[in-house]
Amino acid sequence: MASGLILDPYTLLRVAPLASSTASLVHANCERIFNSAFLQPSLRTRSDAVLPQWFNNVFHRAVGVVLTLNLTSLSTAIANIYLAPNPRPWPVSRTTFYWVGLVGAIGHLLFVPLVAPPIQRMVEDTKGEKEASNEMETWLSIHRVRMLVADLPAWFGFIGAVLVV
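Residue numbers (our numbering): -10 to 154.
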């Protein structure tokens, strides 16, 4: 088939979870960097006044990106697990690495109940009474842990899946 000579669909499927998890990890790191600026001592008082409206605006735009990237990682990892041709025995199979990536991608979504309350309190603090910067600090703390225990392992798993011969 001519399409296989130019662009092999199975190769695209194999690298899709790596691409989406890379984008997810980059996005998460950018969020960490940019949102940490609001916690600088010289900006913190002004941050309390600005953060509720700013984060509400940014969050509603970014949540779609995050969900799209994670659902792409999940669905393409499942497709790769299902379509894997004759996987090698444990622990060096490509399928094993896709499972690691899949568990990490699911792990990202398991953090939703932990990050939702500080986000909600931050966004609803329209009068600046509750110190939105404290909620941002809480969210960033959870965000860093999520990056380390979910996003990074997913990324490493998908790297392994692509590299295993």
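Note that beta-carbon positions come from the ideal geometry of N, C-alpha and C, so glycine has one too.
Original post:
For His49, is the classification buried or exposed, using 16 other Cβ atoms within 10 angstroms of its Cβ as the cut-off for buried?
Top reply: Counting Cβ neighbours within 10 Å, His49 comes out exposed, since fewer than 16 surround it.
Original post:
How many angstroms separate the CA atom of Arg83 from the CA atom of Ser122?
Top reply: Straight through space, the alpha carbons of Ser122 and Arg83 are spaced by roughly 43 Å.
Subject >> DSSP three-state assignment for Ala73, whether helix, strand or coil >> reply: coil
Subject >> Own chain, CB closer than 6 Å to Thr61, minus 5 neighbours either side, in chain order >> reply: Ser9
Original post:
Which first and last residues belong to the alpha helix (DSSP H) in which Met136 is found?
Top reply: It is not in any alpha helix (DSSP H) - Met136 carries neither H nor E in the DSSP assignment.
Original post:
In angstroms, rounded to a whole number, what distance separates the CA positions of Met136 and Leu(-4)?
Top reply: 32 Å
Original post:
Is there at least one Cβ from chain B nearer than 8 Å to Asn69's Cβ?
Top reply: Protein chains in the displayed structure number just one, and chain B is not present.
Subject >> Cβ-based neighbour list, Pro6, same chain, cut-off 6 Å, excluding 5 preceding and 5 following >> reply: The residues are Ser62, Thr65, Ala66, Gly90, Phe147.
Subject >> Backbone CA spacing between Leu28 and Leu72 [nearest angstrom] >> reply: 46 Å
Original post:
According to the neighbour-count rule (16 or more other Cβ atoms, all chains shown, within 10 Å of its Cβ), is Asn46 buried or exposed?
Top reply: exposed
Original post:
Ordered along the chain, which non-local residues of its own chain (more than five positions away) have a Cβ less than 6 Å from that of Leu58?
Top reply: Ser9, Ala12, Ser13
**OP:** Please indicate yes or no: does the CB of Arg83 lie closer than 7 Å to some heavy atom of the ligand ZN?
**Re:** Absent from the structure shown: the ligand ZN. Ligands present: none.
**OP:** For Val54, I'd like the list of residues in its chain whose CB is within less than 7 Å of its CB, leaving aside the five on either flank, ordered along the chain.
**Re:** His16
Original post:
So which of Val104, Val81, Thr0, Glu126 has the shortest CA-CA distance to Pro30?
Top reply: Pro30 has its Cα closest to that of Glu126, out of Val104, Val81, Thr0, Glu126.
**OP:** Pick helix, strand or coil for Val15, following the three-state DSSP scheme.
**Re:** helix
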